[in-house]
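**Student:** Sharing a structure, written as structure tokens. Questions coming.
2 protein chains.
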Amino acid sequence: KKQVTVVGLGRFGSRIARTLYQLGHDVMAIDQDEARVQQMMGEVTYAVRGDATNEAVLRELGVHNFDVAIVAIGTNVQASIMVSVLLKTMGIPYIVSRANNELHGNTLERIGCNKVVYPEMEMGVRLAHGLFNPNVQEHMEITPSFGISRIAVPDKYTGMALAEAGLAGKGDRNGLLVVALKRGDEVTLSPDPDEKLLVGDILVVVGWDNLVSKITTT
Amino acid sequence: KKQVTVVGLGRFGSRIARTLYQLGHDVMAIDQDEARVQQMMGEVTYAVRGDATNEAVLRELGVHNFDVAIVAIGTNVQASIMVSVLLKTMGIPYIVSRANNELHGNTLERIGCNKVVYPEMEMGVRLAHGLFNPNVQEHMEITPSFGISRIAVPDKYTGMALAEAGLAGKGDRNGLLVVALKRGDEVTLSPDPDEKLLVGDILVVVGWDNLVSKITTT
Ligand SMILES: Nc1ncnc2c1ncn2[C@@H]1O[C@H](COP(=O)(O)OP(=O)(O)OP(=O)(O)O)[C@@H](O)[C@H]1O
Ligand SMILES: Nc1ncnc2c1ncn2[C@@H]1O[C@H](COP(=O)(O)OP(=O)(O)OP(=O)(O)O)[C@@H](O)[C@H]1O
Chain A
17 KKQVTVVGLG RFGSRIARTL YQLGHDVMAI DQDEARVQQM MGEVTYAVRG
67 DATNEAVLRE LGVHNFDVAI VAIGTNVQAS IMVSVLLKTM GIPYIVSRAN
117 NELHGNTLER IGCNKVVYPE MEMGVRLAHG LFNPNVQEHM EITPSFGISR
167 IAVPDKYTGM ALAEAGLAGK GDRNGLLVVA LKRGDEVTLS PDPDEKLLVG
217 DILVVVGWDN LVSKITTT
Chain B
17 KKQVTVVGLG RFGSRIARTL YQLGHDVMAI DQDEARVQQM MGEVTYAVRG
67 DATNEAVLRE LGVHNFDVAI VAIGTNVQAS IMVSVLLKTM GIPYIVSRAN
117 NELHGNTLER IGCNKVVYPE MEMGVRLAHG LFNPNVQEHM EITPSFGISR
167 IAVPDKYTGM ALAEAGLAGK GDRNGLLVVA LKRGDEVTLS PDPDEKLLVG
217 DILVVVGWDN LVSKITTT
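Protein sequence lines, in the order shown, are assigned to chains A and B. To convert a position in the first sequence, counted from 1, into my numbering, add 16. To convert a position in the second sequence, counted from 1, into my numbering, add 16.
Here it is as structure tokens:
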């Protein structure tokens, strides 16, 4: 159980704060906007209105005692940098800040942020890559040409056994391995080659991207 | 090669537009803000200033001929909905829109968007889940308690064979399966139980989250 401060309760910060609280951590959520603070009441340990660029405010809130701080201020680059510097100066061991662009992110790294994130950019890249692969629900890259995909079983395979569909057998020979099958809420690890695929099944496939894309193209 | 229109060139939309163009598609990027349009010149097929809530503007740009439209307008919920309705009415086969919250997203689905995305919320959840698992580089959820993790080999296992570390053997018995090992640029699918783990190795592990977290905790 950790003590986390989240500064900035826009769409990104408010979701981080809520999720961390649900995961069992102590979360103090800070924003200068009263309405946004009100929306967090009961969804975090402590929601407080304040200007985080004001060191006195941060000290009064005991922020220097926290394990982790997340600076989720978005559009105001100056505030994002100032708050990150203040938190660093106050000795918080681990600071994650969000950046709008590479120059902003570079600056945050130089002032000592432990981790810089680019939420909209990262989601933009993911969306673009997944756009023309509608069966591919999610992709995790291992190398630029090898990864793991969560795939909705294409119509052409429904009713077939995994082996029939060419999806069974040792991955290391085919360069492609079905590691799990999800049907409703049930998950089977290393499913049998004779498992029949049904409409709605989700497959988790590991392998070379070009081989995986053969599965998902009609 | 597809024809894609991206409306809204904030951090999310501009990244989608650029990435799709780099992937070889034809991209028309539209925004009402001249400066944002200028920044896209040369990075997409065609960048144009315009108010996308104006049907005449969209028709003039030939938007009705496109395969896919992405509505990446952020804060202006009304504009996001209006533009999505216009594009739907004009017959674009596949429309992806971004939403600020569930009510906004629900509305977009009801008016016929094929896919609704919540970029900041999704990244907020990912960040919160990854925050106290620094060895876990990325996680893909299959169910709320079962997933795939890309893990940096923890120090306690370096020098050990996979079997020695308790990481070999049939996943379906242990509820945990190492599906790939990445060393430098080399990837091995279904690595041997006697493979010795080295500093810097990356493991791809599938299984129950609580078992996977046992690996990554010291
Ligand atoms: N000095 C400050 N002190 C406290 N909160 C601040 C400060 N400056 C900005 N904020 C808050 O940060 C939050 C997020 O910033 P903003 O809404 O500008 O970015 P955004 O990129 O639109 O956010 P998101 O994409 O997460 O919705 C806002 O709720 C804002 O009130
Ligand atoms: N009617 C419209 N026609 C064209 N562009 C529009 C219209 N309304 C808004 N936009 C553009 O949409 C873009 C994204 O919207 P906005 O900046 O409000 O959202 P944001 O959530 O901060 O974006 P991001 O998080 O992607 O940076 C802006 O560049 C804005 O000019």
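By construction, the Cβ of each residue, glycine as well, lies at the ideal position given by its N, Cα and C atoms. Please read these numbers as outputs of a predicted model, since none were measured by experiment.
When the distance is taken between beta carbons, is Ala88 (chain B) closer than 7 Å to Phe148 (chain B)?
**Tutor:** no
**Student:** Please go through the region 76-151 of chain A and give each complete alpha helix (DSSP H) segment of 4 or more residues, from N-terminal end onward.
**Tutor:** 93-105, 118-126, 135-146
**Student:** Are three or more beta carbon pairs between the region 51-59 of chain B and the region 171-186 of chain A nearer than 8 Å?
**Tutor:** Under the Cβ criterion (8 Å, minimum of three pairs), the region 51-59 of chain B does not count as touching the region 171-186 of chain A.
**Student:** With which residues is Gln19 (chain A) paired in a DSSP beta bridge?
**Tutor:** For Gln19 (chain A), which the question treats as bridged, DSSP gives the partners A:Asp42.
**Student:** Is there a Cβ from chain B that is less than 7 Å from the Cβ of Leu36 (chain A)?
**Tutor:** yes
**Student:** Helix, strand or coil: how does DSSP classify Gly29 (chain B) here?
**Tutor:** When DSSP states are grouped into helix, strand and coil, Gly29 (chain B) belongs to the helix group.
**Student:** Would you check whether ligand 1 has a heavy atom nearer than 6 Å to the C-beta of Gln48 (chain A)?
**Tutor:** Yes; taking the cut-off as 6 Å, the Cβ of Gln48 (chain A) has a heavy atom of ligand 1 nearer than that.
**Student:** Can the beta-carbon of Val22 (chain A) be found closer than 7 Å to that of Ile86 (chain A)?
**Tutor:** yes
**Student:** Within this structure, are the beta carbons of Thr123 (chain B) and Met98 (chain B) separated by less than 7 Å?
**Tutor:** no
**Student:** May I ask you to check if the CB of Glu202 (chain B) is nearer than 6 Å to at least one heavy atom of ligand 4?
**Tutor:** As for ligand 4, it is missing from this structure, which binds only ligand 1 and ligand 2.
**Student:** Check each residue of the region 148-174 of chain A: if its Cβ is closer than 7 Å to any Cβ of chain B, include it; give the result in chain order.
**Tutor:** Phe148, Glu154, Met156, Ile158, Thr159, Phe162, Ile164, Arg166
**Student:** Quick one: complete alpha helix (DSSP H) runs, 4+ long, within the region 173-231 of chain B?
**Tutor:** 187-190
**Student:** Using the beta-carbon count (16 or more within 10 Å), is Lys198 (chain B) buried or exposed?
**Tutor:** buried
**Student:** Look up Asp67 (chain B) in the DSSP assignment and say whether it is helix, strand or coil.
**Tutor:** coil
**Student:** Ends of the beta strand (DSSP E) at Ser165 (chain A)?
**Tutor:** Segment 162-168, the beta strand (DSSP E) holding Ser165 (chain A).
**Student:** Determine, using beta carbons only, whether Val221 (chain B) and Ser165 (chain B) come nearer to each other than 7 Å.
**Tutor:** Cβ atoms of Val221 (chain B) and Ser165 (chain B): closer than 7 Å.
**Student:** With H, G and I counted as helix, E and B as strand and the rest as coil, what does DSSP make of Met56 (chain A)?
**Tutor:** For Met56 (chain A), the secondary structure class from DSSP, reduced to helix, strand or coil, is helix.
**Student:** Can you pull the chain A residues whose beta carbon is under 9 Å from the beta carbon of Lys198 (chain B), in chain order?
**Tutor:** Ile158, Thr159, Phe162
**Student:** Within a Cβ cutoff of 8 Å, which residues of the same chain sit near Asn81 (chain A), ignoring the five residues on either side of it in sequence?
**Tutor:** Gln19
**Student:** Alpha carbon to alpha carbon, what distance is there between Ile46 (chain B) and Ala184 (chain B)?
**Tutor:** Whole-angstrom Cα-Cα distance: 52 Å.
**Student:** Report the residue from B:Gly26, B:Arg31, B:Val194, B:Val43 whose alpha carbon sits nearest the alpha carbon of Asp49 (chain B).
**Tutor:** B:Gly26
**Student:** Report the residues of the region 124-138 of chain A with a CB closer than 7 Å to any CB of chain B, ordered along the chain.
**Tutor:** Within the region 124-138 of chain A, contact with chain B at the beta-carbon level (separation under 7 Å) is assigned to Val133, Pro135, Glu136, Met137, Glu138.
**Student:** If you run the structure through DSSP and keep just helix, strand and coil, what is Asp171 (chain B)?
**Tutor:** helix
**Student:** What's the C-alpha gap between Gly107 (chain A) and Ile127 (chain A)?
**Tutor:** C-alpha separation (whole angstroms): 13 Å.
**Student:** So the candidates are B:Glu180, B:Asn117, B:Thr159, B:Ala115; which of them puts its Cα closest to the Cα of Asp210 (chain B)?
**Tutor:** B:Glu180
**Student:** Going by beta-carbon coordinates alone, are Arg31 (chain A) and Met137 (chain B) separated by less than 7 Å?
**Tutor:** For the pair Arg31 (chain A) and Met137 (chain B), the CB atoms are nearer than the 7 Å cut-off.
**Student:** Cα separation between Asn15 (chain A) and Leu213 (chain B)?
**Tutor:** Chain A is shown only over 17 to 234; residue 15 (chain A) falls outside these bounds and no answer can be derived.
**Student:** State the Cα-Cα distance for the pair Gly78 (chain B) and Val64 (chain B), rounded to the nearest angstrom.
**Tutor:** 12 Å
**Student:** Is Gly200 (chain B) buried or exposed, if buried means 16 or more other CB atoms sit within 10 Å of its CB?
**Tutor:** By the 10 Å Cβ count, Gly200 (chain B) comes out exposed.
**Student:** Where does Arg159 (chain B) fall in DSSP's three states?
**Tutor:** The sequence given here places Thr at residue 159 (chain B); Arg does not occur at that position. Residue state for Thr159 (chain B) is assigned as strand, using DSSP reduced to three classes.
**Student:** Mind checking who Asp49 (chain B) pairs with in its DSSP beta bridge?
**Tutor:** BP columns for Asp49 (chain B) are empty, so no partner.
**Student:** Could you name the residues that DSSP lists as bridge partners for Tyr62 (chain B)?
**Tutor:** B:Met44
**Student:** From this set, A:Leu103, A:Lys104, A:Val101, A:Ser96, which residue's C-alpha is nearest Asn117 (chain A)'s C-alpha?
**Tutor:** A:Ser96
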